[in-house]
Amino acid sequence: MPLKTAVLISGSGSNLQSIIDRIEQGVLNAQITLVLSNKSNAFGLERASRHGLKNKIIEHASFRSREDFDQAMIKEIRDSGAEAVILAGFMRILTPLFINSFPGRILNIHPALLPSFPGVHGQKQAADYAVKISGCSVHFVDEKMDHGPIIIQAAVPAFAQDDPKSLGSRILALEHRIYPQAIQWLAQDRLRIAGRRVEIQNSPGPLLVGKDKDSAIICPGLEKNF
Ligand code: GRF
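Read in order, the letters of the sequence shown correspond to residues 27 to 252 in the working numbering.
This is how it looks when you write it as structure tokens:
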């Protein structure tokens, strides 16, 4: 049975697209029961419509409190039948009410090598700091921002001539590969959380991909077709 997921977005939805593509290719055993956006102009909503996915806007500004907003989202997600929540560029802080409603079943992707550069604009923070390596991280969501146990990371080189955009696009290309893989492990029930550690049953060893400026190291590695 495919893992029923709700994907939460606020913007372009390119990660949503990568998840849709892997599902349609028969590589990722998941079903998107709902795409939820807190922004009415999120391009990801159009992506969802193009693929015939149920989508809904819940604007945070129309709620009195974060809890009220989260409660409305919880209801929609539950009504859709989703068992897991995928944050894909969703730019709101979730309350404990939301997090405790889907224990061990909320994933996030962050465009930096956590615990470095949490919060917004991870790519810009890394470029401004002039790091030599940056990357992206998929992690379980807990009550602290960009903090929960890490499932997979990809590291990419960063160069003196990089700006947030060039570094960000190198990172984004890897986001599109590691997020569907992490969701597949969740769908296969191969992830176990032990404190900060995520154990992945039969996880592949580290993988080196690409070349020169497009090289990356992904750990754990990706399985076939990811
Ligand atoms: C990505 O960089 C993701 O890591 C971050 O927000 C961005 C969303 O991009 N959380 P998109 O909407 O998936 O294109």
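In this text, a Cβ means the ideal position worked out from N, Cα and C, and glycines have one as well.
Just so it is clear, the structure is predicted and the values come from calculations on it, not from any experiment.
Three-state secondary structure assigned by DSSP to residue i
i, result
"I219", "strand"
"E109", "coil"
"F124", "helix"
"K237", "coil"
"K80", "coil"
"L133", "strand"
"I119", "coil"
"F166", "strand"
"A10", "Nothing can be reported for residue 10: it is not among the residues displayed for the chain, which extend from 27 to 252."
"L62", "strand"
"H147", "coil"
"Q207", "helix"
"G70", "helix"
"S142", "coil"
"Y189", "For clarity, residue 189 is Asp in the given sequence; the question names Tyr instead. D189 falls in the coil class under three-state DSSP."
"Q51", "coil"
"A199", "helix"
"D154", "helix"
Proximity test, residue i beta-carbon vs the ligand GRF heavy atom, cut-off 7 Å
i, result
"A114", "yes"
"E109", "no"
"L198", "yes"
"L34", "no"
"I204", "no"
"G70", "yes"
"G39", "yes"
"H77", "no"
"P173", "A small fix is needed here, since residue 173 is His in this sequence, not Pro. No; taking the cut-off as 7 Å, the Cβ of H173 has no heavy atom of the ligand GRF nearer than that."
"C162", "yes"
"H86", "no"
"L120", "no"
"I219", "no"
"H136", "yes"
"E249", "no"
Counterpart residues of residue i in DSSP-defined beta bridges
i, result
"F252", "In DSSP, F252 forms no bridge with anything."
"S160", "V182"
"K30", "Q57"
"I177", "Partner(s): none; I177 has no beta bridge."
"I226", "L217"
"I35", "S63"
Minimum Cβ-Cβ distance from residue i to chain B less than 8 Å
i, result
"A184", "No chain B is present in this structure, which holds just one protein chain."
Cβ contact (3+ pairs, closer than 8 Å) linking the segment 27–45 and the segment 112–129: With a cut-off of 8 Å, the segment 112–129 and the segment 27–45 count as touching, because enough Cβ pairs lie within range.
Secondary structure, alpha helix (DSSP H): runs of 4+ residues fully inside the segment 85–109: For the alpha helix (DSSP H) assignment, the uninterrupted runs of no fewer than 4 residues enclosed by the segment 85–109 are, from N- to C-terminal side, 92–106.
If we count Cβ pairs, one from each stretch, closer than 8 Å, do we get three or more for the segment 211–223 versus the segment 53–60? yes
Inter-stretch contact (C-beta, 8 Å, three-pair minimum) for the segment 226–241 and the segment 141–159: No contact exists between the segment 226–241 and the segment 141–159.
Would you be able to state if there are at least three C-beta pairs under 8 Å between the segment 120–133 and the segment 93–104? Cβ pair count under 8 Å is three or more, so yes.
Are three or more beta carbon pairs between the segment 129–147 and the segment 64–74 nearer than 8 Å? no
Counting pairs of Cβ atoms below 8 Å between the segment 38–46 and the segment 188–203, do you hit three or more? yes
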